[in-house]
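Here is the structure we will look at.
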Ligand code: NA
Ligand code: NA
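Protein chains in written order, with the numbering used here: chain A, 1 to 752; chain B, 1 to 120; chain C, 1 to 159; chain D, 1 to 121; chain E, 1 to 99; chain F, 1 to 498; chain G, 1 to 139.
This is the structure:
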């Protein structure tokens, strides 16, 4: 999209406007709920959905969900407005708007859902829609790859998450979230608590790109900037944080919870802010600061203190506001100059004043300068950190370091491009159209407004949120710019000092980090090798199993048969066998031997005619068996069929080459014998116990009186079991038609 | 009696399996004929064997006077034989087509549907 | 032999199958036989002829006599360790004209042991016979012509 | 009485069958073997069908027995003729009696017969 | 049933089975394609006889029907194989053998 | 009552006869469509009755069970017949565009309807040998359809398909013989009690024999070779109906026999099934991951998803059976649809080999939408039918502490996502290698309608099942109950037992 | 097949086989035989015909395409089963009509079962010929 702003700023007509209006309407609707929530009430609606599984379409509006809803719909509105110009005249804008709106709705559903499964439905929907958005410029290999990466990582987490939810539902006997929370600390004592926690965190950490799953998020920036602004700052990545917050009352307070969240949060925060400083691409830098924010939020959720909770609520809002606006600003810079590389940018302040102001406001909030909300947020952070029962120094240190780095990054992103250096030659930047600076300005100034009038937030959102997090109102700490001379204040000052130092030396620092990060394994590279490994393994396995050779398929099948039977035999033990040879006549024996001889001849011969003749012998032998054991009809049929078989083979062989000499294969021989032996064995066992002849007796009794036939076999065929016979002649017809088609298929259709 | 033919069936099956495993379609066909004969015989033997008393009702009688052979398996075998013939007929034609179109009777050389190396 | 005659034969055959010799059976057989003939119509030649029953009887008797006698000759040769047979393929000129005649001659020659009719030339003039005891081919040729073929001609073509 | 006749005829028939079979095995070339198998076999069948006729004596069985014989008389020679002409046309080597002793003859046959028409196994 | 008939039946069966076995020997030995066909043909005829004996042995005419069908249809296989032998050589003079 | 059961089998046969008589004219295809529609009506009627009156049975030829052949429909049979009819309608419409005159002259429509008849018969019969017969009808018809057209790769695939299926068929036949030899009966309801009298050790062995025979039909590990070897070769309507229905008949047979008859040693038999299920899921999905042709990917996925259904049977808890039934129904719809879509891709983009096509997202958005629904349903994304199927089975597995198998099921789900997105990325997102822009408008209006209507219809069905799963879940619960307690089934067939 | 003997022999045998096959089918209900056996026997007649005189002649003699015979056979068999519907019986319930029945003698039976067996006959007959003719022509 580089190379100047769209000339036609009227956007995309209705397809552009409608989504904006829709989002705005949603925002208004949620705003209208603020009074209720501020009055520390909640709104819950539920419609039965899958009663047989106890799943409801249940939605809950409380402080937490309302805060999120307002952020989502509010920022959504501005982003959609922004996009309408950013992507003005784009042939696929309709799809873009559709996906973005769909995403917004799913996100709202996610934060409002009061049913675990319903929540998961929306969770996956956000994954799906974000996949479509990340891959929006789908003709570029890179964006396809990154879309898949994001989908795969979050999808993997999602599946663990699903398992966790199912266990959670099973453990607490309900899928209703408020229901679970109402059960108080029951869950924490439950035997399945740990597995549930691990699975849920697996889901949330992947979704919120916590270390070590962070690698997908920067790549997801392949998406158009508005998407990054929306998904990767304000909303989707916070879904994981949301779930942790949502489950906080029911699950927090255990050591596992405390330590996992604290440590991983802290590590993510520091690590991400270092990464952020290392970036030269503005968007990437912002992406990593988002990680840092998420880490911090996770860090807070590890605790239970009112400070931590208040800090969480505040910082949640703060971050969304400034981060979204900064992303949009970067979008403006990008469009205006055609680049996002810090060292190719400068002196934009005079050319794009409004954008510059927006950037400045946002950055100051981000850096945590008074009187911005960011400052309050930071103060609370420190307060919270100190309030942390365990290891305050560790937490405080982490917070300090990350905040300082944030300040530096803020400078790099929002100060340097505007107020340092001059516009490089070849760039002809212009001020962004109003649709594009409106968003940043509004969001950024909100940061200031709330900073100056924190009570607005306090009552409307912070307190209710803290209630949702802790359960008691009392926990909520007051937001104020001036909290007196206290440790947080000192820490703030330290932050400013350190941060400015970092900013001043950020180039050297970056070089240093570059060297440092060479040593750290790059999970993004790991991703590719993982995929290749997967493909390689799949190929290997498939060539092993599905090698295209019929002989090995048959071998496998027969092996399964033999192994199946014989191993089962080992398991069950020998069935009852009674061998009775008393009634065997020499006639029977010789017929049996003749048949066997025929089979063996067919087995050994390399001459086709000998083979056919051998089959003929087997046929004759079996016919003799049918004759001796009084089955004339069967014998006749057998002989007729045998004759036809010979005829057909004789005809076909006219065109077939002679058989090659077969070389002896021991493994085949062993397998064959095994199969044959097992069949014999089973049959012997079967005939060892007497046969129940109810059916036959009935046929003999009714064949003549009721079916008017003296040939019982024929009566069975055409009357008792006529349906079999019908199916059977159907088989014959189909066989003939199929074979006919196969023979004629090379001709021009079928002619007489 | 049944024992004797159970053994016979075993041999039929064994030879059939060996033939089917040999990587040659004509041998496979031979094996197919053998093994379907074996299957039919299995049903017949499972229904127990009766010497020289076909399941026919003599004129004037309402039911067989002596105890005759078990008619049901005979009917089943008859059905199975005919079905088996249908399958065989198709199979042999398929083998013929395989020879005329793929010019080979050794299925392991037939690699059109599943080429040697899957296309990248 | 004309269609009617063939049809009668079939009707009788039918009666034979059903084993119930009755007018109804004969008529049914006639009808079904007619159906069968209708199906194979293109095969039926138009040659029609009046058969001599006596010739037929003679043919039958002589045939069986030949069959028994020569069977023993063959049996001897089979059972004795030394092969006394002097096999040879000889050509026998055919006088019999009609299809039925040719069929009868060849079949009967084949059925009497010691001789085996291999093939009839396309022009139906000569018959290829394999003889076990062809010590004197001409004598054999003569005996075949005056014997089997003669009787057949008498019976079928009534020269 | 009937039993005696039947029984002896049965044995006779069986005897014929065996002779035919022996001929099939012992005689030196295809056509000679056919002499033995085709007709003596037919003869054996004829005799045994005669037994049936005599034994049962009922009209339907007699007719059926006769039918069997007639069918054989009609079909056997045709089959024989088909094989015979294929023997001639494919030039399967035939045996000439030049008074050699049987033993040597068999030996002679063996290389001679490993002319065309041999599965060399 | 009379003892003599019993015995003669047994003998008859033995003869038939024995002749089938002999035919099988020829079938294995070949050597020519036609030899095998002849052997098979002989077996078919032998089965007809077998049916006849069975009919007497069990006193059921049912087995005669088997004989009837076989007598009428059995030679079809012979014809088909003989034709194969002939055509096979027509198609490839140098390959009179069947393998 | 008995006619209600007979008609679903009779109608396709009549259709086949008529369609064959008119094969020289275009009338044949319309007869086929009409026949399938009538079948649909009949199966709806059947479903109604079963829902109202429970299990119904009809004694063919008025011969009382277990002597004659009984047709039975419980909820499972009824729904399988219904879904078969739906697929039949969809495919017979699709065939108007997909099947050329040459194939029609060779009797495509007759074969197709006979195939349907066989499938329906298999679902609705209550007699083991009759089941064998219907299997054969289905099998031989599938042979014909598979090689119809006679392209070399069809013949190649056909050889393998035929060879391996014949083996299983003969196994099945042998098994029936043995089971009859043990119990003296063929009626399944009668068998349920008859087997109790038999030697239980022997019964287990025979059970395994059946497991293998049906296993080949159902294409489970290690017996599935025939499926990926052949399913990508025939005409698209053919592979669609194969993919939808054939393997499911095997699954149905397993489901029926191993709840009704072989329930004597579940500790053994169903443990085997559990292993089979796991391995089938994994091997199948990895096989798909290794492919780069749309139809081959889909074929391997059939195998993988058969594993899920077997998992349901193996766990044998009510919820698990519910999952299996739900999965069965969902999978038929979705998988058939995906093959139909592949056919459209072939027509407008010129192939199914992913490296040789592309650009469908840009220039054929409608097709893209129609693909996304079944594809992501297959991948188990909510709120599509596949999610609930997977959800039920995973929950069932977790409920019995089957951690590993549940883990496998989920992991396989992830890999399914992987290969669905692979198709999406390479056939839809990626530009066409030849730079052409595949458009639906390149199809004649008749073909466009004939191909897209069934696809859209099935897609809508998928969404409905996904968004309003309750009735389907309830239904699956009811039929699972019938399977786990076959008393109703047995009583319907044999009458009140003393 | 340019064999005078075979051709002449076939003239008699084909007819004989055909008649014999009808006989086998009709008596099937009471003695060995029936639709399959009949159909197979009848088919062998025409197979022989085809071998002896070539498929052109035998197709001509048959007049109807064998696959048509087969499919009609299927139709007839199905009709025989559906016939029961007229009497409100289940599919494939045998319907019997005894001509000239007395209390001692059942008389001449006509039945849907017989029709069914005829259907079977035609199917087997037609199918085998479809197959054999096509093979003779293609191979
Ligand atoms: Na049971
Ligand atoms: Na592509």
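Glycine included, C-beta positions come from ideal geometry on N, C-alpha and C.
These numbers were taken from a predicted model, which means no experiment stands behind them.
State the Cα-Cα distance for the pair residue i and residue j, rounded to the nearest angstrom.
{"i": "residue 593 of chain A", "j": "residue 599 of chain A", "result": "10 Å"}
{"i": "residue 8 of chain D", "j": "residue 126 of chain F", "result": "55 Å"}
{"i": "residue 76 of chain F", "j": "residue 65 of chain F", "result": "21 Å"}
{"i": "residue 195 of chain A", "j": "residue 164 of chain A", "result": "7 Å"}
{"i": "residue 595 of chain A", "j": "residue 704 of chain A", "result": "36 Å"}
{"i": "residue 156 of chain C", "j": "residue 104 of chain C", "result": "9 Å"}
Is residue i helix, strand or coil when you go by DSSP?
{"i": "residue 577 of chain A", "result": "coil"}
{"i": "residue 70 of chain F", "result": "strand"}
{"i": "residue 107 of chain C", "result": "helix"}
{"i": "residue 303 of chain A", "result": "coil"}
{"i": "residue 293 of chain F", "result": "strand"}
{"i": "residue 63 of chain F", "result": "coil"}
{"i": "residue 63 of chain B", "result": "coil"}
{"i": "residue 499 of chain A", "result": "helix"}
{"i": "residue 96 of chain G", "result": "strand"}
{"i": "residue 85 of chain A", "result": "helix"}
Using a Cβ-Cβ cut-off of 6 Å (strictly less than) and excluding sequence neighbours within five positions of residue i, which residues of its own chain qualify?
{"i": "residue 211 of chain A", "result": "267, 268 and 271"}
{"i": "residue 115 of chain C", "result": "109, 129 and 131"}
{"i": "residue 6 of chain D", "result": "51, 54 and 55"}
{"i": "residue 71 of chain E", "result": "48"}
{"i": "residue 235 of chain A", "result": "72 and 107"}
Please list, in chain order, all residues of the same chain as residue i whose beta carbon is under 8 Å from its beta carbon, the five residues on each side excluded.
{"i": "residue 110 of chain B", "result": "98, 102 and 104"}
{"i": "residue 88 of chain C", "result": "130, 131, 134 and 137"}
Output needed for residue i: all residues of its chain with C-beta closer than 7 Å, excluding positions within five of it in sequence on either side, in chain order.
{"i": "residue 100 of chain F", "result": "none"}
{"i": "residue 54 of chain F", "result": "488"}
Rounded to whole angstroms, how far is the Cβ of residue i from the Cβ of residue j, which I believe are closer than 8 Å?
{"i": "residue 700 of chain A", "j": "residue 83 of chain B", "result": "Incorrect: roughly 25 Å between the Cβ atoms, too far for contact."}
{"i": "residue 5 of chain F", "j": "residue 88 of chain F", "result": "The Cβ separation is near 18 Å, so there is no contact."}
Which parts of the stretch 356-422 of chain F are runs of the alpha helix (DSSP H), unbroken and 4 residues or longer, counting only runs that do not cross its ends? 360-363, 365-378 and 385-399
What runs of the alpha helix (DSSP H), each 4 residues or longer, lie entirely inside the stretch 317-390 of chain A? If we require 4 residues or more, the alpha helix (DSSP H) runs fully inside the stretch 317-390 of chain A come out as 353-367 and 373-387.
Just list the alpha helix (DSSP H) runs in the stretch 624-677 of chain A, keeping only unbroken ones of 4 residues or longer that don't cross its boundaries, in chain order. 632-653
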